[in-house]
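Below is one structure, written out as structure tokens; the observations come after it.
Residue numbers (this note's numbering): 4 to 1071.
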């Protein structure tokens, strides 16, 4: 097609000279856009720019090929770790940050205990901060193994110190830390002896065994040479030798790997002893009885490694010390500042009630409610000063949900009277003694469950009214944005229960449900990814136990052995089972570990079968090393996989033993090693062992590498239905439609006599109008398999008829194109007559191109949209509207005329606007098929002339006018499934009259006008979903003398894009 040459710019090429004088040619603007290194060379008066030659003889030809492939496509095949390291070095030299990050991720996947230290030095050399962080995390998580390697002593002292001082270091015992620093010091003893004391100060000596301290530490030559080291050892021994009734806290906190997180539970009756619920085992354990057995705790919380139980009479409260496995009186019972104001016997004081006990910073906060006058007071006990302060009339609300986060107490919902339930939220700053009002809850509620974690507050359940409606609705509050959002519902409604957080996992347990206040003892956990609560199988007998309180508590793993278990549990835990594998080798493990890991073992070991009775399971189809790997994964959730063969063996074993997590884990390794030569065999292996995830991955890989895969011998082994699924897909990645025809022809000819009858089924998926006319005539119509079938000949003839149709014939292409043959663009049209040519903005290239002029040049389009492969421009005079056909590069007439209107499926969404003289926030949708309207939730903000676009699940609205003299940059997102609008981050500039468009899954804002004299906006903004922020793109238009414009996303065949001329005109 003929395109006007105006605005055309000849691409400037540059030569890259590498090792052995090999030359590569590429476009200079591509290099400049990719890297500041090339940008500086090619946009100055330097020799390289003037001559168009850049000498990079430090790089080999193959390495430069990989670098250029990544620059042009954003991807490159990395075959080995050495290849990845070369790419990191090249990326550092050429300032290619994205390539450096890409190659670093490959290195992360191949990291092991043997190579992680050398990876550390490589990352440090090339200033690869992401990889450096990954290496440190890997060494921390595999410290015991890494410390045994020859490379570990090469680490500098500051790095060793950073490792051994960390709470996150994963060790079997604290002895691993001492042995590691001792080994590191002996490697260069004369130089490093002076560093030993500094490292030794990070060994948490009270977590060493007494024998190890006396035999290995005290007698160590390097320790005995330093007085500070000896003093620290003596202090540790003194702590170990203390009296059991001595209230002396351990001087160090434990490593996280040495702890297990449990939930401490106390039932509200005298016969009920404290329990620990262990989420890892999904089981309950019992603590020893309290020092005061007639004490009835009302609240339980953990603080400074102790577990506090607050009684109805606060001065009788006690705490449990896990180090000595015994009970002590709470610290506030031993001082002159006893909080004896807090009497919670309702028969004595009528409506006085201890609502909560919270820990904030170094304060224990007792919150007492007076239900008669609807007022709460706060009493603070300072753990360091052992002093008490009281704030009367602290809060004018009762039955609130109270949550702590940082130095704040969050007060959520509650009641102000017997008829007034409020959604109000606020927070109290303990340090500054100051209140701050927060956004309201979505639902007014009281006596809800709540917890604070990181930057979020979670609230669940409670009462929605006084008439008896307990709810299972849940909400989450963002501290950063001051917004509440609804999340998945509990499985049952709960009141007065407990919400807890363990290692970023949320749990709820306890509470009452409505019918006659029946108790709930089930445990629910929240799955963030699925946004749903899942009920855990273990629950207690609800008929025998009163309501209870609970809190999380971190317990040393060796201390857990001191807990009193029931006779049955102790008996079950002590039982082992023997696994007999190939060559009669025997492996022993705990039967309850196997039963919990797999329904295969659960059935064998919990029935009257021979294996359960004899304690022997025969698995002689598996060798010893494979079974060791299986058991390692069962016990730790991880296993080192060295080869694809090893991974395939693990998948076979996992399938046999019903170990779904191991099957998925091994499958991920195979995914990382998939190639064009092995993806088909991976498909058959995944199908054999019913590995749905791996099956999907192999199909996606074959789609993305179809041209290469179709050339392999294994491709011919695929069944017909699988080949059909591939060639019928929009997602198959090909260079041209000819690749599809050649693939099905090759597959058919492999077994021609059997497969000829299948050819027609596959041929119908070849999108013939995307083949060239020559190929259709020379290769398709003349093909023997085609000519033998009338349907095939008919399809080819129809395709030729479409190709040969007249240019003014409005006859749509009978097939949609493959996605690989398209590119998404943003179509733009300016609202003034001199601007005769529409524009295409290409986000991937961040560049603008000009379309040919319209059929009627004095037409003034008001709106632009795409539909069925055409681009429609709607004028003020609807009869003058036109559309652009990219197949013929020509225009056609349409035959037929202050809301934000958005379409999704069969609906038109009408959002905001102006009614009479009022700006509204009302929303509704019109069903085109049913010809009827439906009212929707209102916007958060009134607005008109806003930007909008819809996806399958969401509708995005941005900018517009908030009132008749104020434009805005606020944005909102509508969830179609929940009928809710939520505020999201703001645009970088305020825009009305602009355009919100989707390109793939990416959201762009273009055009509009700012407030001062309607100055036009030509910048392009892209929304980053992960960061929740808008980012302004560099490619912008000059704002002078230009009217507003319209835009929409449009999918363009790559072959059509070569017909366009690059537009420079008025663009910066």
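Glycine included, C-beta positions come from ideal geometry on N, C-alpha and C.
This structure is a prediction, so every number in the text was calculated from the model and none was measured.
**Q.** Segment contact, 8 angstroms Cβ cut-off, at least three pairs: the stretch 407-417 with the stretch 451-467
**A.** Judged by Cβ distances under 8 angstroms, the stretch 407-417 makes contact with the stretch 451-467, as three or more pairs qualify.
Q: Using only alpha-carbon positions, find the residue among 140, 118, 176, 132 that is nearest to residue 153.
A: On the chain shown, residue 153 is found 150 positions in, with the first residue counted as 1. Closest by alpha carbon: 118.
Q. I think residue 76 touches residue 21, with their Cβ atoms under 8 angstroms apart; what is that distance to the nearest whole Å?
A. The count along the chain shown starts at 1 and reaches residue 76 at position 73. The count along the chain shown starts at 1 and reaches residue 21 at position 18. No, residue 76 and residue 21 are not in contact; Cβ-Cβ is about 19 angstroms, not under 8 angstroms.
Q: List the residues that DSSP assigns as beta-bridge partners of residue 864.
A: By one-based count along the chain shown, residue 864 stands at place 861. DSSP lists 878 as partners of residue 864.
Q | Rounded Cβ spacing between residue 653 and residue 590 (contact assumed at less than 8 angstroms) | A | Along the chain shown, read from residue 1 onward, the residue named residue 653 stands at position 650. Along the chain shown, read from residue 1 onward, the residue named residue 590 stands at position 587. Incorrect: roughly 16 angstroms between the Cβ atoms, too far for contact.
Q.
Below 8 angstroms, how does it come out for the stretch 152-169 and the stretch 191-203: are there three or more Cβ pairs, yes or no?
A. yes
Q. Can you tell which of 797, 629, 730, 659 has its C-alpha closest to the C-alpha of residue 601?
A. Walking along the chain shown from the start, residue 601 turns up at place 598. The option with the nearest alpha carbon to residue 601 is 659.
**Q.** Assigned secondary structure, residue 955 (DSSP; H/G/I helix, E/B strand, else coil)
**A.** Sequence index remark: in the chain shown, residue 955 carries index 952 (1-based). It is coil, neither helix nor strand.
Q.
Nearest by alpha-carbon distance to residue 679: which of 197, 716, 178, 210 is it?
A. Within the chain shown, residue 679 is the residue found at index 676, counting from 1. With distances taken between Cα atoms, residue 679 lies closest to 716.
Q.
Based on DSSP bridge pairs, tell me the residues matched to residue 557.
A. Mapped onto the chain shown, residue 557 falls at position 554. Under DSSP, the beta-bridge partners assigned to residue 557 are 264.
Q.
Could you compute how far the alpha carbon of residue 1010 sits from the alpha carbon of residue 849?
A. Position 1007 of the chain shown, counted from the start, is the residue given in the question as residue 1010. Position 846 of the chain shown, counted from the start, is the residue given in the question as residue 849. For residue 1010 and residue 849, the distance between alpha carbons rounds to 15 angstroms.
**Q.** Segment contact, 8 angstroms Cβ cut-off, at least three pairs: the stretch 1019-1034 with the stretch 976-995
**A.** yes
Q: With DSSP as the reference, please indicate the residues paired to residue 595 in a beta bridge.
A: As a position in the chain shown, residue 595 is number 592, starting the count at 1. In DSSP, residue 595 forms no bridge with anything.
**Q.** Own chain, CB closer than 6 angstroms to residue 572, minus 5 neighbours either side, in chain order
**A.** Here residue 572 is taken as the residue at index 569 of the chain shown, counted from 1. Reliability of the predicted coordinates at residue 572 is poor, the pLDDT of 39 falling under 50, and the value obtained from them is presented with this limitation in mind. Nothing listed; no residue qualifies.
Q. Is there contact between the stretch 83-90 and the stretch 25-32, where contact requires at least three CB pairs shorter than 8 angstroms?
A. no
**Q.** Residues near residue 650 by beta carbon distance below 6 angstroms, same chain, minus five either side
**A.** On the chain shown, position 647 is the one that residue 650 refers to. The residues are 644, 669, 672, 673.
Q. What number of angstroms, rounded off, separates the C-alpha of residue 1029 from the C-alpha of residue 797?
A. Position 1026 of the chain shown, counted from the first residue, corresponds to residue 1029. Position 794 of the chain shown, counted from the first residue, corresponds to residue 797. Using only the alpha carbons, I get a separation of about 50 angstroms.
(Q) Buried or exposed, going by whether 16 or more other CB atoms sit within 10 Å of the CB of residue 325? (A) Counting from 1 along the chain shown, the entry for residue 325 is found at position 322. Residue 325 should be labelled buried.
Q) Can you give the Cα-Cα distance for residue 216 and residue 244, rounded to whole angstroms? A) In the chain shown, the residue the question calls residue 216 occupies position 213. In the chain shown, the residue the question calls residue 244 occupies position 241. Their Cα atoms are separated by approximately 13 angstroms.
Q: Report back the beta-carbon spacing between residue 411 and residue 430 to the nearest angstrom; my notes put them in contact at under 8 angstroms.
A: Working through the chain shown from its first residue, we reach residue 411 at position 408. Working through the chain shown from its first residue, we reach residue 430 at position 427. Their Cβ separation, rounded to whole angstroms, is 4 angstroms, which keeps residue 411 and residue 430 in contact under 8 angstroms.
Q. On the three-pair Cβ rule with 8 angstroms, is the stretch 964-982 touching the stretch 789-804?
A. Cβ pair count under 8 angstroms is below three, so no.
(Q) Relative to the C-alpha of residue 226, which candidate in 265, 185, 981 has its C-alpha closest? (A) By 1-based counting over the chain shown, the position of residue 226 is 223. Closest by alpha carbon: 185.
Q. Would residue 56 be called buried (16 or more neighbouring beta carbons within 10 Å of its own) or exposed?
A. Start at 1 with the first residue of the chain shown, and residue 56 comes out as number 53. Answer is exposed; the Cβ neighbour count stays below 16.
Q) Going by Cα to Cα distance, which pick from 624, 173, 126, 167 is closest to residue 145? A) Within the chain shown, residue 145 is the residue found at index 142, counting from 1. Checking every option, the nearest Cα to that of residue 145 belongs to 173.
**Q.** Beta-carbon proximity check, residue 553 vs residue 607, cutoff 8 angstroms
**A.** Here residue 553 corresponds to residue number 550 of the chain shown, with the count starting at 1. Here residue 607 corresponds to residue number 604 of the chain shown, with the count starting at 1. Taking C-beta atoms as the reference points, residue 553 and residue 607 fail to come closer than 8 angstroms.
Q.
Helix, strand or coil for residue 981? Go by DSSP, reduced to three states.
A. For this step, residue 981 is matched to residue 978 along the chain shown. Residue state, collapsed to three classes: coil.
Q) At which residue ranges does the stretch 183-235 contain complete alpha helix (DSSP H) runs of 4 or more residues, listed in the order of the chain? A) 192-203, 224-227
Q: Let me know the alpha helix (DSSP H) ranges lying completely inside the stretch 722-763, each 4 residues or longer, listed in chain order.
A: 723-730, 741-753
**Q.** Option in 587, 588, 580, 584 with minimal Cα separation from residue 595
**A.** As a working note, residue 595 is residue 592 in the chain shown. Checking every option, the nearest Cα to that of residue 595 belongs to 580.
(Q) Can you tell me whether residue 1044 is buried or exposed? The criterion is at least 16 other CB atoms within 10 Å of its CB, across all chains shown. (A) Counting from 1 along the chain shown, the entry for residue 1044 is found at position 1041. The pLDDT assigned to residue 1044 is 42, lower than 50, so where the model puts this residue is not dependable; a value taken from the coordinates is nonetheless given after this. Label assigned to residue 1044: exposed.
Q: Give me the Cα-Cα distance between residue 224 and residue 388, rounded to the nearest whole angstrom.
A: Counted from its first residue, the chain shown places residue 224 at position 221. Counted from its first residue, the chain shown places residue 388 at position 385. Whole-angstrom Cα-Cα distance: 42 angstroms.
Q: Go to residue 1010, then tell me how far its alpha helix (DSSP H) extends in each direction, as first and last residue.
A: Within the chain shown, numbered from 1, the residue matching residue 1010 stands at position 1007. Per DSSP, residue 1010 belongs to no alpha helix (DSSP H) and is neither H nor E.
Q) How far does the beta strand (DSSP E) with residue 928 in it reach, from first residue to last? A) As a first step, residue 928 is located in the chain shown; it is residue number 925 there, counting from the start. Residue 928 -> beta strand (DSSP E) spans 921-930.
Q) Under 8 angstroms between the Cβ atoms of residue 926 and residue 948? A) Taking the chain shown and counting its residues from 1, one reaches residue 926 at position 923. Taking the chain shown and counting its residues from 1, one reaches residue 948 at position 945. Result no, Cβ atoms of residue 926 and residue 948 do not sit closer than 8 angstroms.
**Q.** Secondary structure of residue 960, DSSP reduced to three states
**A.** Translated into positions along the chain shown, residue 960 becomes position 957. Per DSSP, reduced to three states, the secondary structure at residue 960 is strand.
Q: Reducing DSSP to helix, strand and coil, say where residue 302 ends up.
A: Taking the chain shown and counting its residues from 1, one reaches residue 302 at position 299. Looking at residue 302 - three-state DSSP - the assignment turns out to be strand.
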